[in-house]
Each structure stands twice: as structure tokens, then as C-alpha cells.
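Residues 121 to 313 (my numbering) make up the sequence shown, in order.
Glycine residues also receive a C-beta, built at the ideal position from the N, C-alpha and C atoms.
To keep things clear, I will list the structure first and then write my remarks on it.
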Amino acid sequence: MSAEPSEAPEVGRPSAEPSEEPGAGRPSPEEPEAGRPGGGRRNAWTAAALAVVLPVAVGLPLWQQLRYYDRHRYHEAVTTVPAGGGAVLNHASWRLLDLRRTSTGVRMRFRMTPLDKDGTSTLEDLFEVRDERGRRWQFDRDPLLDMVEVGRPVTVSVGGPVPADVADRVFPVVRYAPLKQAPGPVPVLRFRR
121 MSAEPSEAPE VGRPSAEPSE EPGAGRPSPE EPEAGRPGGG RRNAWTAAAL
171 AVVLPVAVGL PLWQQLRYYD RHRYHEAVTT VPAGGGAVLN HASWRLLDLR
221 RTSTGVRMRF RMTPLDKDGT STLEDLFEVR DERGRRWQFD RDPLLDMVEV
271 GRPVTVSVGG PVPADVADRV FPVVRYAPLK QAPGPVPVLR FRR
């Protein structure tokens, strides 16, 4: 057995002899730099593409949803009716006769006069009271009111529970709520007491 050193370099150790190729040991321009996958240029292009694509990809659907919401949200066209006065809503003339407090809430009486055939039905009219803070209490109406004649006045009486602390400060509202709502404001009558 001879004690000659082997000619193969050990694994993991650099060779003591200089390499024959010029520039060996340095990364070539085509190869990515060590420790940075993709190189510096590739990361810059990726960041620039994300800066353009991401706001468009997120912002465009959000903008479309906001436009849809704005077109279809609930807008009211409020007509304030002076005390003792009347106004027209849903092809009928409306006048507040009285608003009185009951043991459980309030009771309202209106005088409704249909102006044409379309005004003979109150199915699409909602009755409610509101307070100055914007809270609402909606009331049910008598379903037999749909048997009225054009030009003949009818008394509509509605009522319901309202908290006792606000029963003296509420104002009556009649709101037109059609079964198929078209975009645009909803007509509302707000009666002064």
C-alpha cells in the first residue's frame, strides 16, 4: 500500500488548483445572482406589474359594486305637508285628520280621496311614524280599504305600538312602496302636526 495522496478533490472543499476557465467561480450575466432567486431585474418587473394589476383587479369590481349600490339604494323624495293641508301620493289625495296617543302607542286617521282608478288601492302605501332621531315604527292597515271609489273620500285609520317617551314627539308619514321599485327616489308625505 502506498501513501500517495488521491488526485480527486474532497467533496465540499474548493480545489487548491486554479480553474482553467476564465471567470470561473463568478456568476455569469445569464445566471441569477447567488442568494437572490430571479435576480434583481426580475423582482423589479414583478413589483411594477403588481403595482399596476393589483389596484385594477381589486378596484374595478369594487367601483362597479359601489355604482350599483348608488343606483339602487333607497332615496326618499319627502314632501312636507303643513298642518291641516293635503298632498297627492300614488294617485290619491291625503290629509291628516288626527294623531292621538293611545295606551300602547299612537293612532292616526287620514282622509284619502282617490283621484283616478290607480288611486283606489292602498296596497302599495306604507304608514309609519318617525321621531327626530330618524327611528321608524311601521303600522298595518285595514286590507278592506281597497274597495273604494274614485272621488269618494275614505277615512284610513292605522296605529300601533310606539315607546311612551316618544309618542308625543312623532310625526306621521305615508310612503309609496310599489311592488316593483324603479330606480329613483321614493315619494314620501311627511305631515306636520
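Please list the terminal residues of the continuous beta strand (DSSP E) segment that includes residue i.
| i | result |
| --- | --- |
| A203 | It is not in any beta strand (DSSP E) - A203 carries neither H nor E in the DSSP assignment. |
| E269 | First-last for E269: undefined, no H or E at that position. |
| P307 | V306 to F311 |
| P234 | G225 to P234 |
| R220 | A212 to R221 |
| Y296 | F291 to Y296 |
| R250 | D245 to R250 |
| R255 | Here R255 belongs to no beta strand (DSSP E), and DSSP marks it neither H nor E. |
Residue i and residue j look like a contact to me (Cβ under 8 Å); what is the Cβ gap, rounded to whole Å?
| i | j | result |
| --- | --- | --- |
| P307 | E244 | Between E244 and P307 the Cβ distance is about 11 Å, and since that is not below 8 Å, they are no contact. |
| F259 | G279 | 6 Å |
| H195 | P305 | 4 Å |
| R253 | V290 | Actually they are not in contact, since the Cβ atoms of R253 and V290 sit about 11 Å apart, beyond 8 Å. |
| V201 | A207 | 5 Å |
| R313 | A171 | Wrong, their Cβ atoms sit about 59 Å apart, outside the cutoff. |
Looking only at its chain, what residues have a beta carbon closer than 7 Å to the beta carbon of residue i, apart from the 5 residues adjacent to it on each side?
| i | result |
| --- | --- |
| T224 | P281 |
| R256 | E248 and R250 |
| P292 | L216, L219, M228, V249 and F311 |
Less than 7 Å between the beta carbons of residue i and residue j, yes or no?
| i | j | result |
| --- | --- | --- |
| L219 | R295 | no |
| S213 | T240 | no |
| R229 | L217 | yes |
| L235 | L309 | no |
| F187 | A287 | It should be pointed out that residue 187 corresponds to Arg in this sequence rather than to Phe. Going by C-beta atoms, R187 is not nearer than 7 Å to A287. |
Which same chain residues end up closer than 8 Å to residue i when comparing Cβ atoms and leaving out the 5 residues on each side of it in sequence?
| i | result |
| --- | --- |
| P273 | R231, M232 and T233 |
| V270 | P234, L235, D236, K237, G239 and T240 |
| V268 | M232, P234, T240 and V274 |
CB-CB under 6 Å to residue i, same chain, minus the five flanking residues each way: which ones, in chain order?
| i | result |
| --- | --- |
| G179 | none |
| W183 | none |
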